[in-house]
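Undergrad: Protein chains in written order, with numbering that gives the first Met the number 0: chain A, 0 to 369; chain B, 0 to 279. Think of the CB as a built atom: it goes at the ideal place given N, C-alpha and C, for glycine as much as any other residue. Below are the structure tokens for one structure; questions will follow.
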Amino acid sequence: MSDVEVSGVSKRYDDLWAVKGVSFTAPAGSFTSLLGPSGCGKTTTLRLIAGFAALDEGEVRIGGRSVDALPPWRRNLGVVFQNYALFPFMTVFDNVAFGLRRRRVPRGETAARVAEAIDLVGLPDLAQRYPRQLSGGQQQRVALARALVIRPDVLLLDEPLSNLDAKLRAEMRFELKRIQRETGVTSIFVTHDQEEALTLSDQIVVMNLGTVAGAAAPKAIWERPESAYVADFLGVENLFPGTVGDTAADNKTVAVSVDAGDAVLHVAVDRPPDRAVVLGIRSGEIAIRRGGGIADEADGPNALDGTVREFTYIGSAIVYQVDCPDLPAPLIATAQEQFSVGERVRLHLPPGAVKLLRPDAPPGGSGARP
Amino acid sequence: MSGGRFPASLATPVLLAFAVFIVAPCVMLLVKGLEPTAETGEWPDFTNVLGLFDSKVGQQALNRTIRISVIVTLICLVAGYPVALFVARCGPRWRGLLLAVVIFPFLISAVVRAFGWTVLLGDSGLANKGLIALGLIDRPIALVQNEIGIIVGETHLLMPYMILSLLAVLQRIDPNLRHAAESLGASPASVFWRIVIPLTLPGLLTGTLLVFSLAMTAFATPFLLGGGRTPILTTLLYDYAFTLFDWRLAASIGIVLLILGILFVTIHRFVSSRGMRSYG
């Protein structure tokens, strides 16, 4: 079991930096997710760790030892690919045994370890089948067994769940978690799915345009995202640029005026914020009441008037799009209660729920120019 | 194309042409080749076909045909594989140019190609001069008007079939398979023998089939580069048909070629079906 230190790693393709100055540490035995949209450099980072591509700057250290000079076949890493990359002309047994045979493990031990790995990933007795005779989920498990049987220092997973259907994906998420806990192998997992990252990880590294936009434990990054980009990627639906004004007498809240709008929101803070910020609030933390009927607290500072523009029913709740005259864009809020289109409502944004975020580049795009 | 909707009548013209121009000649070949030699004999008479191997010329031609086809196929395989690998790994810009170079032999007429080789391989040609300059030989050796000439010419002609067959499968290999093997501890040599070669087996078999059958039935190249003293089955057939006007004997050589072809395709199919069982 080894930790992985990625420090200042850059990779250029022609005149485009796919990855620029990426640094993070995956502690030994931890599960780290690289999260970001396609083209953010997360897969390139994984390929650099695996050694499939040579890095242009920086260093990758595994277990305290630099691996930059080592070819992939000397790094002792397990890699699971999005398309599984099983050898089509080999049986399940031969696929899993491939790495052991390259290590000249004796025949008897190979058979025992293959059986153990197949058992670990929860595969039924399919050892003599060929990959094309297996379902997607079974192929996924074979790929995992093949990567784990060599007892790798680090397990690298490149969007391994994205080719599975929704039900199987949820099931495999639990399986992955169990397997990682049982083996204790340091894992680095590339995904564009925030839910996967949140449920599986000890640490989430959010990437944008080839750089790290933020890194923290799932709970921390969910509750206190550092920047507007990270918040946006982690499902904070309402983001408005704002300017910080007066601090309250008790130093616990500040008044922030929304740029391009008349609203002034009070936000709970634990340290003095920068002047230019982005205000963010999740749809579920906004309270909606029928127009004018808001009692006590809602008549405080963070109450806004609005008109329901549109709503969608998502089963567990109803998502509303509400036009507020004081805000530059419609507010997204969820509620159990049914309101109709055009109905006047009052919204309350609790000061503790509004986040002050660091403004940064908008999400999307593919790589930064050098 | 959705199954049964396709009108069979559209395929009729070509199928008819096949029947007339392929099946009919085969039938005529059999009729003529197995024609009885004596007035009293009955059809089919295998004397000619079997008698072919009693004559020294016939025996030599058969052996030479098989020998040359095997050698040409092996050279195309061993020399063509690295070329196909190289072209497959080139960027799209270079690949187009290299492909043009690969198929270039197709664009030259057999006569021009043979003449070119005659000049290069002749006693005072580039090949002999080079070998003398390197001190490998003292005086020119015969490189043309013999089996060497035929092998060189046919290899040149048939190499593209092998390279294109291999390229077709090489380009479809998922690069992740190589990466997966590498991450599991396979060195580049190990990746080549254990992953790339098995994955290219279908193309390898197709290329072998094409090159071998074309080498066996080639006529112009061995005719022009082999000289008169190295007959192979096709040139012998030509001699019987157009010099001696013995159509019966010519047809019996045709039957031998047909049997060889069918035999090779059968063996090939057997090997393929065994080797490719796991490909589905």
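For A/Ser37 and B/Thr11, what's the separation of their Cα atoms in angstroms?
TA: Approximately 51 Å between the Cα atoms of the pair.
Undergrad: Beta strand (DSSP E) containing A/Ala267: first to last residue?
TA: Start and end: 263-267.
Undergrad: Taking the DSSP output, what are the residues bridged to A/Lys10?
TA: A/Val18
Undergrad: Is there a Cβ from chain A that is less than 7 Å from the Cβ of B/Ser186?
TA: yes
Undergrad: Classify B/Ala80 as helix, strand or coil using the three-state DSSP reduction.
TA: Note that residue 80 of chain B corresponds to Tyr in the displayed sequence, not to Ala. Residue state, collapsed to three classes: helix.
Undergrad: Using a Cβ distance threshold of 8 Å, determine whether the region 339-359 of chain A contacts the region 262-281 of chain A, with at least three qualifying pairs required.
TA: Verdict: yes, contact present.
Undergrad: Under 7 Å, Cβ to Cβ, is there at least one residue of chain A near B/Pro6?
TA: No, no contact with chain A.
Undergrad: How would you call A/Ala196, buried or exposed, if buried means at least 16 neighbouring beta carbons within 10 angstroms?
TA: buried
Undergrad: Grab the span of the alpha helix (DSSP H) containing A/Gln403 for me, first residue to last.
TA: As shown, chain A starts at 0 and ends at 369. That puts residue 403 of chain A outside it, with no answer to give.
Undergrad: So, B/Val151 versus B/Thr199, is the Cβ gap smaller than 7 Å?
TA: no
Undergrad: So B/Gly184 packs on A/Arg150, CB below 8 Å; how close in whole Å?
TA: By a beta-carbon distance limit of 8 Å, B/Gly184 does not contact A/Arg150. Their separation comes to about 12 Å.
Undergrad: Check whether the Cβ of B/Ala179 lies closer than 7 Å to any Cβ atom in chain A.
TA: B/Ala179 counts as touching chain A.
Undergrad: Roughly how many whole angstroms lie between the Cα atoms of A/Ala297 and A/Ala286?
TA: For A/Ala297, the predicted structure reports a pLDDT of 47, less than 50, and the residue's modelled location is therefore unreliable. The matter cannot be settled from this model.
Undergrad: Taking all protein chains shown into account, do 16 or more other C-beta atoms lie within 10 angstroms of the C-beta of A/Tyr83, making it buried, or fewer, making it exposed?
TA: buried
Undergrad: With 7 Å as the threshold, decide whether the Cβ of A/Pro159 is near any Cβ in chain B.
TA: False, the Cβ-Cβ gap to chain B never drops below 7 Å.
Undergrad: In whole angstroms, what separates the C-alpha of B/Gly148 from that of B/Ser54?
TA: 25 Å
Undergrad: Contact defined as beta carbons within less than 8 Å: I believe A/His347 pairs with A/Ala302. What is the distance between those atoms, to the nearest angstrom?
TA: 5 Å
Undergrad: Under 7 Å between the Cβ atoms of B/Leu232 and B/Leu256?
TA: yes
Undergrad: According to DSSP, is A/His347 helix, strand or coil?
TA: strand
Undergrad: Under the rule that 16 or more other beta-carbon atoms within 10 Å means buried, what is A/Pro130, buried or exposed?
TA: buried
Undergrad: I need the DSSP call for A/Arg74, collapsed to helix, strand or coil.
TA: coil
Undergrad: Within 7 Å (strictly less), CB to CB, does A/Pro105 reach chain B?
TA: no
Undergrad: Output, in chain order, the set of chain B residues within a Cβ distance shorter than 8 Å of A/Ala84.
TA: Asp173, Asn175, Leu176, His178, Ala179
Undergrad: Taking 8 Å as the threshold, find out whether the region 183-201 of chain A comes into contact with the region 15-33 of chain A through three or more Cβ pairs.
TA: yes
Undergrad: A/Leu76 touches chain B at which residues, Cβ-Cβ below 8 Å?
TA: Ser182
Undergrad: For B/Pro197, go through chain A and note every residue whose CB falls closer than 7 Å to its CB, in chain order.
TA: Phe88
Undergrad: Any Cβ of chain B within less than 7 Å of the Cβ of A/Arg168?
TA: A/Arg168 is outside the set of residues whose beta carbon lies under 7 Å from a beta carbon in chain B.
Undergrad: Quick one: using the 10 Å Cβ neighbour count with 16 as the cut-off for buried, is A/Trp72 buried or exposed?
TA: buried
Undergrad: Less than 8 Å between the CB atoms is what I'm expecting for B/Phe209 and B/Ser164, so what's the real figure, rounded?
TA: Note that residue 209 of chain B is Leu in the sequence shown here, rather than Phe. Sure, about 6 Å apart at Cβ, within 8 Å.
Undergrad: One question on the structure: do B/Arg248 and B/Tyr239 come within less than 7 Å of each other, judged by their Cβ atoms?
TA: Correcting the residue type first, residue 248 of chain B is Leu in the shown sequence and not Arg. Taking the C-beta atoms as reference points, B/Tyr239 is found nearer than 7 Å to B/Leu248.
Undergrad: Residues of chain E with CB under 7 Å from A/Gly98, in chain order?
TA: The chain labelled as chain E is not found among the protein chains of the depicted structure, namely A and B.
Undergrad: Quick one: which residues of the region 101-128 of chain A get their C-beta closer than 8 Å to a C-beta of chain B? List them in chain order.
TA: Arg101, Arg102
Undergrad: Which residues, in order along the region 30-51 of chain A, keep a beta-carbon less than 7 Å from a beta-carbon of chain B?
TA: Ala49, Phe51
Undergrad: Indicate whether A/Asn75 and A/Val141 have their beta-carbon atoms separated by less than 7 Å.
TA: Between A/Asn75 and A/Val141, the CB-CB gap reaches or exceeds 7 Å.
Undergrad: In angstroms, rounded to a whole number, what distance separates the CA positions of B/Gly124 and B/Gln144?
TA: Computed Cα separation, rounded: 13 Å.
Undergrad: Taking DSSP as the reference, what is the three-state secondary structure of A/Thr43?
TA: helix
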